[in-house]
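Undergrad: Under the working numbering, think of the first position of the sequence shown as 1, with each following residue one higher.
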Amino acid sequence: MAVIIDGKRISNDIKDELKARVNEQNIDATLCVIQVGNDPASSIYVKNKKKACEYIGIKSVSYELPDETTEKELIDLVQSLNEDKRINGILVQLPLPSHINSDAVIKAIAPNKDVDGFHPENVGNLCIGRQGFLSCTPAGIIELLKRYDIPIEGRECVIIGRSNIVGKPMALLMLRENATVTICHSRTRDLAETARRADILIVAIGKPRFITKDYVKEGAVVIDVGIHRDEDNKLCGDVDYEDVLPHVSAITPVPGGVGPMTIAMLMNNCVQSALQMTADK
Ligand code: NAP
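#1: Check whether the region 137-146 touches the region 213-233, taking contact to mean three or more Cβ pairs, one atom from each stretch, closer than 8 Å.
#2: Taking its Cβ as the centre, do 16 or more other Cβ atoms sit within 10 Å of residue 178, making it buried, or is it exposed?
#3: Hey, is residue 191 close to ligand 1, as in C-beta under 6 Å from one of its heavy atoms?
#4: Is the beta carbon of residue 88 less than 7 Å from the beta carbon of residue 29?
#5: Return the residue from the list 22, 95, 77 that minimises the CA-CA distance to residue 42.
#6: Of the choices 63, 25, 185, 252, whose alpha-carbon is the least far from that of residue 93?
#7: Enumerate, from N- to C-terminal direction, the unbroken alpha helix (DSSP H) stretches of 4 or more residues contained entirely within the region 61-148.
#8: Are the region 164-171 and the region 113-128 touching by the rule of at least three beta carbon pairs closer than 8 Å?
#9: For residue 161, is the beta carbon positioned less than 6 Å from some heavy atom of ligand 1?
#10: Note down the Cα distance separating residue 99 from residue 207, rounded to an integer number of angstroms.
#11: With a threshold of 16 other CB atoms inside 10 Å of the CB of residue 5, please say whether the residue is buried or exposed.
#12: Please report the straight-line C-alpha distance between residue 192 and residue 216, rounded to a whole angstrom.
#13: Relative to ligand 1, is the shortest distance from any of its heavy atoms to the C-beta of residue 263 smaller than 6 Å?
#14: I'd like to confirm something about residue 139: is its beta-carbon nearer than 6 Å to some heavy atom of ligand 1, or not?
#15: Report, in whole angstroms, the separation of the C-beta atoms of residue 265 and residue 18, which I expect to be a contact under 8 Å.
#16: Using DSSP bridges, identify the partner residues of residue 285.
#17: Thinking C-beta only, is residue 31 closer than 7 Å to residue 270?
#18: Does the pairing of the region 55-69 with the region 246-262 give three or more beta-carbon distances under 8 Å?
#19: Can you tell which of 155, 57, 136 has the C-alpha that lies nearest to the C-alpha of residue 261?
#20: Is DSSP giving residue 188 helix, strand or coil here?
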């Protein structure tokens, strides 16, 4: 019987641990969330982030800016928040409207307030094994594997997808945990054959129910990062869960797998940032 990895439970555990820590150590943390435009999915993510902050005891400040906001206006706001000693985490909700260059905005965030872990300095630190903020979704996946005692060291890990926010940092984190890592993308020649090498298969391809049992080695651990609404408006992942389930040793469901971990790890980064800023004073 496959283990169903309960990301909701682990995420709640982490939030409870953070809440206790904030309370016991009297940690003064403030996250600032900036949203440009009113994309409905982004609004839900922002709302959930504020709710998690409130639960843990992290203060939150938000800016809801109109669609017409210019790149310069947004960067000016980020720079003023960089200087603001009351704020220790800055998060710009992505995607941004197409007239704004996301890379330029992310680069403007002070690396020590970049709780999303997207700034090139934090990505570079991850690459060379130095301390820094980790990208939340990949960090959440490592946390799930560890809390379920799933061994990583020495195992074959295949990651499908090479985006800057999931695939690439995921590969670096698995490498840091001493897995043997393969990254697949749209030009990979035989995706199914490569995927079947995996002891741990991590899927971030952005295509609903794309990964069937043909891509999965018997007994593999499957981590599904994807999140979609199907034709019946039901949530599903990049993995065809029902098809794959009889063949795996452990799997993350959608919803309730990787998704809830992203916010938990964001909250963790906010607390780390507040502790670091206090230590630097
Ligand atoms: P993305 O930027 O669209 O990247 C998709 C990756 O998949 C790309 O590297 C692409 O290759 C690769 N790919 C596409 N079609 C392929 C194919 N037929 N064969 C092999 N590789 C293929 O996506 P993302 O931002 O990483 O997100 C992936 C999924 O995770 C989405 O469903 C997203 O909604 C979800 N997500 C969830 C969370 C969460 O908190 N749970 C967080 C972030 C993302 P190329 O590079 O060659 O184009």
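Backbone N, C-alpha and C fix where the C-beta goes; we use that ideal spot for every residue, glycine too.
TA: A quick look at the data gives this:
#1: The region 137-146, when compared against the region 213-233, does touch it at the 8 Å Cβ threshold.
#2: If you draw a 10 Å sphere on the C-beta of residue 178, you find fewer than 16 other C-beta atoms in it, and that means exposed.
#3: Annotation for residue 191 indicates a beta carbon within 6 Å of some heavy atom of ligand 1.
#4: Yes, these two residues count as a Cβ contact at 7 Å.
#5: Residue 95 is the option with its Cα nearest to residue 42.
#6: Among 63, 25, 185, 252, the Cα nearest to that of residue 93 is on 63.
#7: 71-83, 102-108, 120-127, 136-147, all fully within the region 61-148.
#8: Because the criterion of three Cβ pairs below 8 Å is met, the region 164-171 and the region 113-128 touch.
#9: Residue 161: yes, Cβ under 6 Å from ligand 1.
#10: The C-alpha of residue 99 lies about 26 Å from the C-alpha of residue 207.
#11: Within 10 angstroms of the beta-carbon of residue 5 lie 16 or more other beta-carbons, which makes it buried.
#12: Residue 192 and residue 216 have their alpha carbons spaced roughly 8 Å apart.
#13: No, the beta carbon of residue 263 sits no closer than 6 Å to any heavy atom of ligand 1.
#14: No, since every heavy atom of ligand 1 falls outside the 6 Å radius drawn around the Cβ of residue 139.
#15: So it is not a contact: roughly 10 Å between Cβ atoms.
#16: Here the chain has residues from 1 to 281 only, and residue 285 is not among them.
#17: Cβ distance < 7 Å, so residue 270 and residue 31 count as in contact.
#18: Fewer than three pairs of CB atoms, one per stretch, sit closer than 8 Å, so the region 55-69 makes no contact with the region 246-262.
#19: Comparing C-alpha distances from residue 261 to each of 155, 57, 136 shows the shortest one belongs to 136.
#20: If DSSP states are grouped into helix, strand and coil, residue 188 belongs with coil.
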